[in-house]
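Enquirer: Would you mind keeping the following structure in view while I ask a few things?
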Amino acid sequence: MSPVQELGRNLVGDVSYEKLFSQASMQIHPISFIKLPKLAHQTSTHEVGDDLVFGSMRIRRFCPGKYVAISETGDWEILDDETLALLPGDDSVLPIDLKARLIAKFLVESPFQGAGTALLKKARLVAKRSTVQSGPSLHIIVPTLQCAHSCKYCQVSRALESEGHTMSIEVLDAACDSIFQSPSPVLTVEFQGGDPLLRFDLVRRAILRIEAKNALEGRTLRFVVASTLHQLTADMCEFFNQHRVYLSTSIDGPVALHNQNRPTPERNSYQRTLAGIELARAHIGPASVSALMTTTRASLAYPNEIVDEYVRLGLPEIFLRPLSSYGFAKRNQSKLGYSVEEFQAFYEAALERILWWNSKGVQIREVYASIICNKILSTFDAGYVDLQSPTGAGASVLVYNYDGYIYPSDEARMLAETGDVSLRMRPIRAEVGQGAGVLVQLRAASEPNQIEGCRTCAYHSYCGPNPVDAQAQHGNMLAPVRETEHCARHLALFDNMFERIAGASEAQLDLLHQWAQPAGLRESVCEG
Ligand code: SF4
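Under the working numbering, think of the first position of the sequence shown as 16, with each following residue one higher.
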């Protein structure tokens, strides 16, 4: 057996990879092998795979005996031990069909590489990055932090009687005008809180001002209000209908779980959110409201019940979101939190249930899986902010906070509520150039080709470091990327999706391709 064959055969074994690497590289093409440390919170089922970098392809073992080779264009090929062992050898030993696929996917160079191939590759890269390069397109306005709920995991909200947590009219007007400093032809304006409907007057004023300004600008506008919907009235619905405003709310699961996660003094938050959904559907239309959920420790035991609740409510999408480690959620982490593996087990069980409903003819899609499928299966990136690289924070999204400052992401303004204002960009009314320093730092901390850990990661065409998460978790944007929760979660999500794809029937693959279409994907994570 040649060293190279041995290399492939022993990827899952306990041999000295470095020794094999040195033997292999002396005899054939340059090849590098990076053995990564095991993370403290990883189980044997989702250990960090050994990254193999071979020419411009990065290879990762996503389950025992299965590997994926990914090119910089994001094209991929699934390999087994046998085909993996052939790769570093002479091209002539590759089966002709495999060789043709590897060339077509930019995984190996064509012997007839010409200008056409180079142009094609460039076009693939440009298509992948087109959403990222048009300037900030998601603009989040936070009119107030006040909210009637007292969710333990909520990052920021303040009680109704709490003063000093609402935007002034002058700042609101300046925020609306600032949005048009973005060159993006499509502007999504999302109102978050707290509960923005507690200050419907501000939401209404902002929408009218932005529309008036847009009469001259001619951009494509989209409005979203993220709310509990408890304050929703027929008059508000009338306004939202006229101005094509989309509503986003939270349903954490069946009534008991939702009311436990999202307490109100009357213990009826589920019933009131449901009443809001019904009101919106009656006045605006059946597709006027979407919902998402936050996974707490209490949710982990109910993956099927949570999915079934969404089916029962006729919601076509569910977003199974992990708890984020910001603000109040971080303080309550010991009561509410769980490990990456516990989330993954819950997530996979819930996803199974969603696929089961689809097999029964009920169309419901999981948003996180759609984002992962979009990365793997689509030519066009949907531009999901958390997986952009360099980071989408500040580049694709800007937050106009009630405190009069602009932040590069929703998470960055949540950090500020806990006293860490290092990611504050500039006052809303200041010159555009101010705040550039934060953007430079964020970019430097999220360029996957420069960051140890990401540089060799097979998934780096789809993912990248999340410096805001690193700042929240470790107090340092440049914390070792493989020790971040963001990284561990996404390695597991991509591994599991490749495992699904590798074993999928034709019907299942069709479904995953449908999910990969950008339409309907959420640009942001909102906390309504
Ligand atoms: S952050 Fe993403 S690209 Fe970087 S190492 Fe982790 S999974 Fe790979």
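We treat Cβ as the ideally placed atom computed from N, Cα and C, and that holds for glycine. Computed from a predicted model, the values in this text were never measured in an experiment.
May I ask you to check if the CB of V496 is nearer than 7 Å to at least one heavy atom of the ligand SF4?
Expert: The residue given as residue 496 occupies position 481 in the sequence shown. Yes, Cβ of V496 sits closer than 7 Å to a heavy atom of the ligand SF4.
Enquirer: Would you tell me roughly how many angstroms separate the C-alpha atoms of Q207 and V382, rounded to the nearest one?
Expert: Locating residue 207 in the sequence shown gives position 192, where the first residue counts as 1. Locating residue 382 in the sequence shown gives position 367, where the first residue counts as 1. If I take the Cα positions, the gap works out to 19 Å.
Enquirer: Does DSSP put C502 in a helix, a strand or coil?
Expert: One-based indexing of the sequence shown puts residue 502 at position 487. Looking at C502 - three-state DSSP - the assignment turns out to be helix.
Enquirer: Alpha carbon to alpha carbon, how far is R444 from F334? Give it in angstroms, no decimals.
Expert: Counted from its first residue, the sequence shown places residue 334 at position 319. Counted from its first residue, the sequence shown places residue 444 at position 429. Each residue's Cα considered, the two are about 35 Å apart.
Enquirer: Could you tell me which residues DSSP puts in a beta bridge with M308?
Expert: Counting from 1 along the sequence shown, the entry for residue 308 is found at position 293. DSSP output for M308 lists L335 as bridge partner(s).
Enquirer: Report yes if the CB atom of V322 is closer than 8 Å to the CB atom of A365, and no otherwise.
Expert: Walking along the sequence shown from the start, residue 322 turns up at place 307. Walking along the sequence shown from the start, residue 365 turns up at place 350. In this structure, A365 lies closer than 8 Å to V322 by Cβ.
Enquirer: Tell me whether the beta-carbon of R73 lies closer than 8 Å to the beta-carbon of C472.
Expert: Position 58 of the sequence shown, counting from 1, holds the residue named residue 73. Position 457 of the sequence shown, counting from 1, holds the residue named residue 472. Yes, the pair counts as a contact, with Cβ atoms nearer than the cut-off.
Enquirer: Check whether chain D comes within 8 Å of A517, counting only Cβ atoms and requiring the distance to be less than that.
Expert: Within the model displayed, chain D is absent; a lone protein chain is all it includes.
Enquirer: Mapping DSSP to helix, strand and coil, what is C162?
Expert: To locate residue 162, count along the sequence shown from 1; it is residue 147. Looking at C162 - three-state DSSP - the assignment turns out to be coil, as it is neither helix nor strand.
Enquirer: Less than 8 Å separating the beta-carbons of I557 and V414?
Expert: For residue 557 there is no data in the structure shown, the boundaries of the chain being 16 and 543.
Enquirer: Taking 8 Å as the cut-off, does the segment 178-191 touch the segment 116-135 (at least 3 CB pairs, one atom from each stretch)?
Expert: With a cut-off of 8 Å, the segment 178-191 and the segment 116-135 do not count as touching, because too few Cβ pairs lie within range.
Enquirer: Rounded to whole angstroms, what is the Cα-Cα separation between I118 and F509?
Expert: Counting from 1 along the sequence shown, the entry for residue 118 is found at position 103. Counting from 1 along the sequence shown, the entry for residue 509 is found at position 494. Roughly 23 Å between the two C-alpha positions.
Enquirer: DSSP on V270, reduced to helix/strand/coil?
Expert: Taking the first residue of the sequence shown as position 1, residue 270 is located at position 255. The answer is helix: DSSP assigns V270 an H, G or I state.
Enquirer: Quick one: what does DSSP say E320 is sitting in, helix, strand or coil?
Expert: Here the question's residue 320 lines up with position 305 in the sequence shown. E320 falls in the helix class under three-state DSSP.
Enquirer: Taking all protein chains shown into account, decide if A138 is buried (16 or more other Cβ within 10 angstroms of its Cβ) or exposed.
Expert: One-based indexing of the sequence shown puts residue 138 at position 123. By the 10 Å Cβ count, A138 comes out exposed.
Enquirer: To test your reading of the DSSP string, which unbroken alpha helix (DSSP H) runs of 4 or more residues are found completely within the segment 80-123?
Expert: Runs of the alpha helix (DSSP H) inside the segment 80-123: 96-101 and 111-119.
Enquirer: How is the beta strand (DSSP E) around L67 delimited, first residue to last?
Expert: To locate residue 67, count along the sequence shown from 1; it is residue 52. From DSSP, the beta strand (DSSP E) with L67 extends over D66 to F69.
Enquirer: Assign H154 to one of three DSSP states: helix, strand, or coil.
Expert: In the sequence shown, residue 154 corresponds to position 139, counting from 1. H154: strand per DSSP, three-state reduction.
Enquirer: Would S411 be called buried (16 or more neighbouring beta carbons within 10 Å of its own) or exposed?
Expert: Taking the first residue of the sequence shown as 1, we reach residue 411 at position 396. The residue in question, S411, is buried, as its Cβ has 16 or more Cβ neighbours within 10 Å.
Enquirer: When you compare only the Cα positions, how much space is there between V540 and D192?
Expert: In the sequence shown, the residue the question calls residue 540 occupies position 525. In the sequence shown, the residue the question calls residue 192 occupies position 177. Any reading at V540 must be qualified, since the residue scores a pLDDT of 36, below 50, and its modelled position is unreliable; no value is offered.
Enquirer: DSSP state of S476, grouped into three classes?
Expert: Along the sequence shown, one-based indexing puts residue 476 at 461. Note: S476 maps to helix in three-state DSSP.
Enquirer: Measure the alpha-carbon distance for R327 versus R214 and round it to whole angstroms.
Expert: To locate residue 327, count along the sequence shown from 1; it is residue 312. To locate residue 214, count along the sequence shown from 1; it is residue 199. The alpha-carbon atoms of R327 and R214 are separated by roughly 31 Å.
Enquirer: Classify S374 as buried or exposed, calling it buried when 16 or more other Cβ atoms lie within 10 Å of its own Cβ.
Expert: As a first step, residue 374 is located in the sequence shown; it is residue number 359 there, counting from the start. S374 should be labelled exposed.
Enquirer: In chain order, what residues of the same chain have a beta carbon less than 8 Å from the beta carbon of P198, not counting five sequence neighbours either side?
Expert: Walking along the sequence shown from the start, residue 198 turns up at place 183. Here the set comprises S149 and G150.
Enquirer: Inspect the beta-carbon positions of L212 and Q257 and report whether they are closer than 8 Å.
Expert: To locate residue 212, count along the sequence shown from 1; it is residue 197. To locate residue 257, count along the sequence shown from 1; it is residue 242. It is not a contact, given that the beta carbons lie outside the stated cut-off.
Enquirer: What span of residues does the alpha helix (DSSP H) with A459 cover, start to end?
Expert: The sequence position of residue 459 within the sequence shown is 444, counting from 1. It spans A451 to A459 - the alpha helix (DSSP H) in which A459 sits, taken as one unbroken run.
Enquirer: Who are the Cβ neighbours of A221 in its own chain at under 8 Å, not counting the five residues just before and after it?
Expert: Counted from its first residue, the sequence shown places residue 221 at position 206. So the qualifying residues of the chain are I156, P158, L187, A190, C191, V204 and F206.
Enquirer: Have a look at G409 and P110 and give me their C-alpha separation to the nearest angstrom.
Expert: Working through the sequence shown from its first residue, we reach residue 409 at position 394. Working through the sequence shown from its first residue, we reach residue 110 at position 95. If I take the Cα positions, the gap works out to 46 Å.
Enquirer: Could you tell me if the beta carbon of D468 falls within a distance shorter than 7 Å of some heavy atom in the ligand SF4?
Expert: Position 453 of the sequence shown holds residue 468. Looking at the sequence shown, residue 468 is not Asp but Gly. Yes - the ligand SF4 has a heavy atom lying nearer than 7 Å to the Cβ of G468.
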